[in-house]
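K.L.:
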Amino acid sequence: MKIRHLRNATTLLTLGEHRLLVDPMLSEQGAFPGFKLFGGGRRPNPLVALPPGTFALLEGVTGVLVTHEHPDHLDSAGRRWIREHGLPVWARRVDAPNLRKKGLDVHELEDGALGMAVEFIPSRHGRGLLSWLLGSVSGYYLAHPDEPSVYLTSDAVLTDEVLEAVERLQPDVIIAPAGAANMGLGGDILFSVDELVTLVRRAPGRVVLNHLEALDHCPTTRDGLRERMKAEGLLAKVHIPEDGEELHFERPDTLPHPRPKARASKGPGLQKWVSARLTGT
Numbered sequence: 001m002k003i004r005h006l007r008n009a010t011t012l013l014t015l016g017e018h019r020l021l022v023d024p025m026l027s028e029q030g031a032f033p034g035f036k037l038f039g040g041g042r043r044p045n046p047l048v049a050l051p052p053g054t055f056a057l058l059e060g061v062t063g064v065l066v067t068h069e070h071p072d073h074l075d076s077a078g079r080r081w082i083r084e085h086g087l088p089v090w091a092r093r094v095d096a097p098n099l100r101k102k103g104l105d106v107h108e109l110e111d112g113a114l115g116m117a118v119e120f121i122p123s124r125h126g127r128g129l130l131s132w133l134l135g136s137v138s139g140y141y142l143a144h145p146d147e148p149s150v151y152l153t154s155d156a157v158l159t160d161e162v163l164e165a166v167e168r169l170q171p172d173v174i175i176a177p178a179g180a181a182n183m184g185l186g187g188d189i190l191f192s193v194d195e196l197v198t199l200v201r202r203a204p205g206r207v208v209l210n211h212l213e214a215l216d217h218c219p220t221t222r223d224g225l226r227e228r229m230k231a232e233g234l235l236a237k238v239h240i241p242e243d244g245e246e247l248h249f250e251r252p253d254t255l256p257h258p259r260p261k262a263r264a265s266k267g268p269g270l271q272k273w274v275s276a277r278l279t280g281t
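When we follow UniProt numbering, the leftmost residue of the sequence shown carries the number 1, and every step to the right adds one.
(1) Measuring CA to CA, which of Ala156, Glu213, Leu215 is closest to Leu196?
(2) Which residue wins for smallest C-alpha separation from Ser123, given the options Lys230, Leu37, Ser136?
(3) To which residues of the same chain is Lys237 closer than 7 angstroms at the C-beta, ignoring the five residues directly before and after it?
(4) May I ask you to report which of helix, strand or coil DSSP gives Asn210?
(5) Apart from the five residues just before and just after Met235, which ones in its own chain have a Cβ nearer than 8 angstroms to its Cβ?
(6) Output needed for Asp216: all residues of its chain with C-beta closer than 7 angstroms, excluding positions within five of it in sequence on either side, in chain order.
(7) Write down the C-beta distance between Ala259 and Ala117 rounded to the nearest angstrom, noting that I regard them as a contact closer than 8 angstroms.
(8) Is the beta carbon of His107 sitting closer than 8 angstroms to the one on Val89?
(9) Do you know how far the Cα of Thr10 is from the Cα of Ala31?
(10) I'd like to know whether the C-beta atoms of Gly179 and Thr220 end up nearer to each other than 8 angstroms.
(11) Apply the 10 Å Cβ neighbour rule to Gly63 and answer buried if 16 or more other Cβ atoms are within range, or exposed otherwise.
(12) Please identify the residue among Glu232, Trp81, Gly128 whose C-alpha is closest to the C-alpha of Ser27.
(13) Nearest-angstrom Cα distance between Gly78 and Ala143?
(14) So, under 8 angstroms CB-CB, Asn8 and His211 are touching, yes? Tell me the CB distance rounded to an integer number of Å.
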């Protein structure tokens, strides 16, 4: 398995014969308004450009995986690029109708898709009313028979459901957002650094931390995160890639991957309608 971190949550994930572009935010630096609404520090996003050579790397992509529709995970430039290349988009049932309206070839990402075990794992993008307003978000467990298993938490705070999935599925690699995003009202909407420490301690394998230094409402820095993980004795389990960096992982054993459990996948409803208008998606 190869994980090439591009920027924020945008990742090239190579699993067997698949080369998946995850959560493509492909806009130029400063292309859309800041997300920090209160408390100062608002700046146009993204804060940084894509790494040089990104679009040449993307020519080998075989499909796109979208965890949710927020603009830092799928922006207008990302949608345009997907349409131009005629690529299939793998997403949840709740997002599929809206994505199809935008001209994308959408397929539901469910168990057996892409020739691998798949489970979607509900996440909370914050807490309380703000979490509801930001909409339904899910992570994904992907287990290709010839590759390490991976759990993409998507945008999340630490919940019992996330920890239960880690314990039950024993993912070889976890990819988690580490920016501790906060819009200035309603608290953190991503894992706090303390929550990341708990997640890394509970992880059976390696943890790749992304969603850093690319958006105005994400205050956590790579250097600060490394120092905290070092102080906790966890740095050896953690990867904090620079933009453009590629990581390689091998299967630690030949035992069968844990099987996902079946979950009822819901279509869009009131929450999707509200969150789409709030986030401009």
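Every residue gets a Cβ at the ideal spot worked out from N, C-alpha and C, and that includes glycine.
P.N.:
According to the structure data:
(1) Working through the sequence shown from its first residue, we reach residue 196 at position 196. Closest option to Leu196, Cα to Cα, is Ala156.
(2) In the sequence shown, the residue the question calls residue 123 occupies position 123. Of the candidates Lys230, Leu37, Ser136, the one whose C-alpha sits nearest the C-alpha of Ser123 is Ser136.
(3) By one-based count along the sequence shown, residue 237 stands at place 237. If we look at Lys237 and ignore the five residues flanking it on each side, its Cβ neighbours are Val200, Ala203, Arg206, Val207.
(4) Mapped onto the sequence shown, residue 210 falls at position 210. Strand at Asn210.
(5) Position 235 of the sequence shown, counted from the first residue, corresponds to residue 235. For the sequence presented, residue 235 should be read as Leu rather than Met. Arg226, Met229, listed in sequence order.
(6) Position 216 of the sequence shown, counting from 1, holds the residue named residue 216. Only Gly34, Phe35, Lys36, Gly41, Arg42, Arg43, Asn45, Leu47 meet the Cβ criterion.
(7) Here residue 259 refers to the residue found at position 259 when the sequence shown is read from its first residue. Here residue 117 refers to the residue found at position 117 when the sequence shown is read from its first residue. Sequence inspection shows Arg at residue 259; the Ala mentioned does not correspond to that position. 6 angstroms between Cβ atoms; contact.
(8) Sequence index remark: in the sequence shown, residue 107 carries index 107 (1-based). Sequence index remark: in the sequence shown, residue 89 carries index 89 (1-based). Yes. Within cutoff.
(9) Walking along the sequence shown from the start, residue 31 turns up at place 31. Walking along the sequence shown from the start, residue 10 turns up at place 10. Cα to Cα, the separation comes out at about 16 angstroms.
(10) The residue labelled residue 179 in the question sits at position 179 within the sequence shown. The residue labelled residue 220 in the question sits at position 220 within the sequence shown. The answer is yes: Cβ separation under 8 angstroms.
(11) Counting from one through the sequence shown, the residue named residue 63 turns up at place 63. Gly63 should be labelled buried.
(12) Along the sequence shown, read from residue 1 onward, the residue named residue 27 stands at position 27. Of the candidates Glu232, Trp81, Gly128, the one whose C-alpha sits nearest the C-alpha of Ser27 is Trp81.
(13) By 1-based counting over the sequence shown, the position of residue 78 is 78. By 1-based counting over the sequence shown, the position of residue 143 is 143. Roughly 26 angstroms separates the two Cα atoms.
(14) Start at 1 with the first residue of the sequence shown, and residue 8 comes out as number 8. Start at 1 with the first residue of the sequence shown, and residue 211 comes out as number 211. The Cβ separation is near 6 angstroms, so the contact holds.
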